[in-house]
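Residue numbers 930 to 1159, in the working numbering, belong to the letters of the sequence shown in order. Using N, Cα and C, we set each Cβ at its ideal position, and we do this for glycine too. Read through the structure below, which is laid out as structure tokens, and then see the notes.
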Amino acid sequence: MSVSIIIPAYNESESLPILIDEINENLNNKLEYEIIIVNDCSIDLTENIIKKCNFKNCIYIKNAKNIGQSFSIIEGIKKSNYNSIITIDADLQNNPKDILKLYNLYISNDKLKLVGGIRNNRKDRIIKILSSKIANTIRKIILNDNCSDTGCSLKVFDKKIFLTFPEFNGIHRFLPSLYKGYNFETTFINVDHRPRIYGNSNYGILNRFFRGIRDIIKVKKIITKHKNNL
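Shown next as structure tokens:
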């Protein structure tokens, strides 16, 4: 029972210490884990905070330049020591208490290769919630991944399978589609969602929407190519 928890972080110096404390509080003596923080070239005090706090079980990676959330997650996974990967955002909106709930479901069935969280009671702005629902509906119809909230960062999945996927910006939002498209079993459960207290979201409504449509087409091609090669 060993997991690698990947936390991509960009300008999250205020929330990171709280998040790490919550992870340790919820997981200590319950499973073996490592925490991998990937600092995506933050311009705040993120690096100072990490070095000052000397976090337990923590591997620290600093990107040489800002490469975005997807490639930061990929970097963290490549440096991880365990095959069970858990991803969680650094902004405290996902609750670490849900990690064990997802992981226990994940290991309860050998066929399950991804378990994702569903934020049914989101604490975000209305426009963000509505645009996300529209995007999720379009993606779900086209890619048939049975996931109503692919944007929830809290997921547990198989590392070896993940590393077989083509790398691209935005991959972290399409993991349910890719795992299911590659014929692996996935499932989803409700998780807690909290208001953002620190920092600012980098979420751009129009930019994310049009980029999402582009990525849906890309993922559809990836899955189709995989199936044609079987």
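Inset, instruction - Closer than 6 angstroms by C-beta to Ser931: which residues in its own chain qualify, once you throw out the five before and the five after it? Chain order, please. - result: Against the sequence shown, residue 931 aligns to sequence position 2. Listed in chain order, the non-local C-beta contacts of Ser931 below 6 angstroms within the same chain comprise Glu961, Tyr1011, local neighbours out to five positions each way being set aside.
Inset, instruction - Can you tell me which of the three DSSP states Cys982 falls into? - result: In the sequence shown, the residue the question calls residue 982 occupies position 53. In the three-state reduction of the DSSP assignment, Cys982 falls in the helix class.
Inset, instruction - Would you tell me roughly how many angstroms separate the C-alpha atoms of Tyr1111 and His1101, rounded to the nearest one? - result: Stepping through the sequence shown from its first residue, residue 1111 is reached at position 182. Stepping through the sequence shown from its first residue, residue 1101 is reached at position 172. Taking the straight line from one Cα to the other gives about 16 angstroms.
Legend entry - Straight-line gap, Glu1022 to Ile1071 (C-alpha atoms, nearest Å): Mapped onto the sequence shown, residue 1022 falls at position 93. Mapped onto the sequence shown, residue 1071 falls at position 142. The question names Glu, but residue 1022 is Gln in the sequence shown. Computed Cα separation, rounded: 28 angstroms.
Legend entry - beta-carbon Phe1103 near the ligand MG non-hydrogen atom, thresh 7 angstroms: Looking at this structure, you won't find the ligand MG or any other ligand, since it has none at all.
Inset, instruction - State the DSSP-derived secondary structure class of Phe1113, mapped to helix, strand or coil. - result: To locate residue 1113, count along the sequence shown from 1; it is residue 184. Judged by DSSP in its simplified three-state form, Phe1113 adopts coil rather than helix or strand.
Inset, instruction - Would you check if the segment 1032-1045 and the segment 964-971 touch, i.e. whether three or more CB-CB distances between them fall below 8 angstroms? - result: The answer is no - the segment 1032-1045 does not touch the segment 964-971, with fewer than three Cβ pairs under 8 angstroms.
Legend entry - Residue environment, Phe1139, which counts as buried when at least 16 other CB atoms sit within 10 Å: Numbered from its first residue, the sequence shown carries residue 1139 at position 210. Its Cβ having fewer than 16 others within 10 Å, Phe1139 is exposed.
Legend entry - Pairwise C-alpha distance: Gly1005 and Ile1162: Residue 1162 falls outside the range modelled here, since the chain spans only 930 to 1159, and no answer is possible.
Legend entry - Span of the beta strand (DSSP E) around Glu954: Position 25 of the sequence shown, counted from the start, is the residue given in the question as residue 954. Run containing Glu954: none in the beta strand (DSSP E); it sits in the alpha helix (DSSP H), 945-956.
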